[in-house]
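Enquirer: Under full-length UniProt numbering, the first residue of the sequence shown is numbered 1, with each subsequent residue one higher. We treat Cβ as the ideally placed atom computed from N, Cα and C, and that holds for glycine.
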Amino acid sequence: MFPEWKNWRHVVKLDPDKPADEWLVQKVVESGTDAIVVGGTQNITRQNVLKLFKLLKPYPLPKVLEVSTINAITFGFDGYLIPIVLNSNDPRWIIGAHKEAVKLVGDLMEWDEILPEGYIILNPDCAAAKLSKALCPLGKEDALAYANCAEHLFSLPLIYIEYSGTFGDTELISHIKKGTNKAKIFYGGGIDDAKKAEIASKFADTIVVGNMIYTDSIKNLKDTVKAAKSTNLEL
Ligand code: 1GP
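Here it is as structure tokens:
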């Protein structure tokens, strides 16, 4: 079963392409974050995913793999997130790669370990936007329309507002949160201190921190967790 995820307020995303060691993993685990997502866009190989998995294995925290390439699927995680890039201009990232993966390894897949996520990528400069040819930037009405398609047409349980590398437009995030009801809203991008974590946690069910782990800002990690957990959603 995919771990219980709907009450997660704070998640750390670890990139297999970036250096990690026991010290870093311990910092992440001790921060009090709700879960660890292993995922990235560039140079994701089975080897570097496995390396991270081994470092994380001793800890009981939920560990899920966000699958961006079939070549790096590694068994043993507690669950698997499957991104569907709603605003991609290339069907490969909406259904093409997924269909190929299911054709190849569908027989081995435990479907109840899988959680699909509807991505809306909003920072045109991030690697995922370039790779998926994301149609962005977007106005808040277009972004909400994608989110509404995700929940009402495709019944996706999770919408991921992705600003990777930069802090997003909080009015847009709030607009999506207020205009959706069934899907949970994940937000990621540019969070590196408690203030940004607090602001994002007002509008997103779950905040995702990534890059700060690999910079000096890791010293703020615990505070981002505290901020996320002590902030109420503004509805
Ligand atoms: C990346 O949304 C996450 O997929 C987090 O973004 O690296 O900017 O924190 P940052």
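Taking only runs that begin and end inside the segment 47-104, name each unbroken beta strand (DSSP E) of 3 or more residues, in chain order.
Expert: The qualifying runs are 63-66 and 79-85.
Enquirer: Where do the ends of the alpha helix (DSSP H) carrying Ala129 lie?
Expert: Reading the sequence shown from its first residue, position 129 is the one you call residue 129. Note, Ala129: alpha helix (DSSP H), Ala127 to Ser132.
Enquirer: According to the Cβ coordinates, are Glu162 and Thr180 closer than 8 Å?
Expert: The residue you call residue 162 lines up with position 162 of the sequence shown. The residue you call residue 180 lines up with position 180 of the sequence shown. Not closer than 8 Å, so no.
Enquirer: How long is the line joining the alpha carbons of Pro91 and Tyr214, rounded to whole angstroms?
Expert: Sequence index remark: in the sequence shown, residue 91 carries index 91 (1-based). Sequence index remark: in the sequence shown, residue 214 carries index 214 (1-based). Each residue's Cα considered, the two are about 32 Å apart.
Enquirer: Less than 7 Å between C-beta atoms, sequence neighbours within five positions excluded: which residues of the same chain meet that for Thr74?
Expert: Residue mapping note: residue 74 aligns to position 74 of the sequence shown, counting from 1. Here the set comprises Arg46, Val49, Leu50, Phe53 and Leu65.
Enquirer: Between the segment 140-148 and the segment 161-177, are three or more C-beta pairs nearer than 8 Å?
Expert: Taking 8 Å as the limit for Cβ pairs, the verdict is that the segment 161-177 does touch the segment 140-148.
Enquirer: If you measure between the beta carbons of Trp93 and Ser132, is that distance less than 8 Å?
Expert: Sequence index remark: in the sequence shown, residue 93 carries index 93 (1-based). Sequence index remark: in the sequence shown, residue 132 carries index 132 (1-based). Going by C-beta atoms, Trp93 is nearer than 8 Å to Ser132.
Enquirer: I need the straight-line Cα distance from Asp223 to Asp107, nearest angstrom please.
Expert: As a working mapping, residue 223 is identified with position 223 in the sequence shown. As a working mapping, residue 107 is identified with position 107 in the sequence shown. Roughly 43 Å separates the two Cα atoms.
Enquirer: For the beta strand (DSSP E) containing Glu117, name the first residue and the last one.
Expert: Residue numbering aside, residue 117 sits at position 117 when the sequence shown is read from its first letter. Here the beta strand (DSSP E) through Glu117 covers Ile114 to Ile121.
Enquirer: Just to check my reading of the structure: Ser88 and Ala134 have Cβ atoms closer than 8 Å, yes? What is that Cβ distance to the nearest angstrom?
Expert: The residue labelled residue 88 in the question sits at position 88 within the sequence shown. The residue labelled residue 134 in the question sits at position 134 within the sequence shown. Yes, Ser88 and Ala134 are in contact; Cβ-Cβ is about 6 Å, under 8 Å.
Enquirer: For the alpha helix (DSSP H) containing Ile199, list its first residue and its last residue.
Expert: As a first step, residue 199 must be located in the sequence shown, where it is residue number 199. Looking at the DSSP string, the run of the alpha helix (DSSP H) that includes Ile199 is Ala194 to Phe203.
Enquirer: In terms of alpha-carbon separation, which member of Phe2, Met1, Val85 and Glu198 lies closest to Ile128?
Expert: Position 128 of the sequence shown, counted from the first residue, corresponds to residue 128. According to the sequence provided, residue 128 is Ala. The question's Ile does not apply to it. For the residues Phe2, Met1, Val85 and Glu198, the minimum Cα distance to Ala128 belongs to Val85.
Enquirer: I want to check one thing, is the minimum distance from the CB of Val28 to the heavy atoms of ligand 1 below 7 Å?
Expert: Stepping through the sequence shown from its first residue, residue 28 is reached at position 28. No, the Cβ of Val28 stays beyond 7 Å of every heavy atom of ligand 1.
Enquirer: Tell me, please, which residues DSSP counts as bridged to His10.
Expert: Within the sequence shown, the letter at position 10 stands for residue 10. BP columns for His10 point to Ile207.
Enquirer: Do Arg9 and Ala228 come within 8 Å of each other at the CB atom, strictly closer than that value?
Expert: Here residue 228 refers to the residue found at position 228 when the sequence shown is read from its first residue. Here residue 9 refers to the residue found at position 9 when the sequence shown is read from its first residue. Yes; because the gap between Cβ atoms is below 8 Å, this pair is in contact.
Enquirer: List the residues that DSSP assigns as beta-bridge partners of Gly188.
Expert: Locating residue 188 in the sequence shown gives position 188, counting from the first residue. Gly188 pairs with Glu162 and Val208.
Enquirer: If I follow the unbroken beta strand (DSSP E) through Ala20, where does it start and stop?
Expert: Translated into positions along the sequence shown, residue 20 becomes position 20. From DSSP, Ala20 is part of no beta strand (DSSP E); its letter is neither H nor E.
Enquirer: What's the C-alpha gap between Pro83 and Gly96?
Expert: Walking along the sequence shown from the start, residue 83 turns up at place 83. Walking along the sequence shown from the start, residue 96 turns up at place 96. Taking the straight line joining both Cα atoms gives about 12 Å.
Enquirer: Could you tell me the alpha carbon to alpha carbon distance between Asn148 and Ile120, rounded to whole angstroms?
Expert: Your numbering for residue 148 matches position 148 in the sequence shown. Your numbering for residue 120 matches position 120 in the sequence shown. Using only the alpha carbons, I get a separation of about 11 Å.
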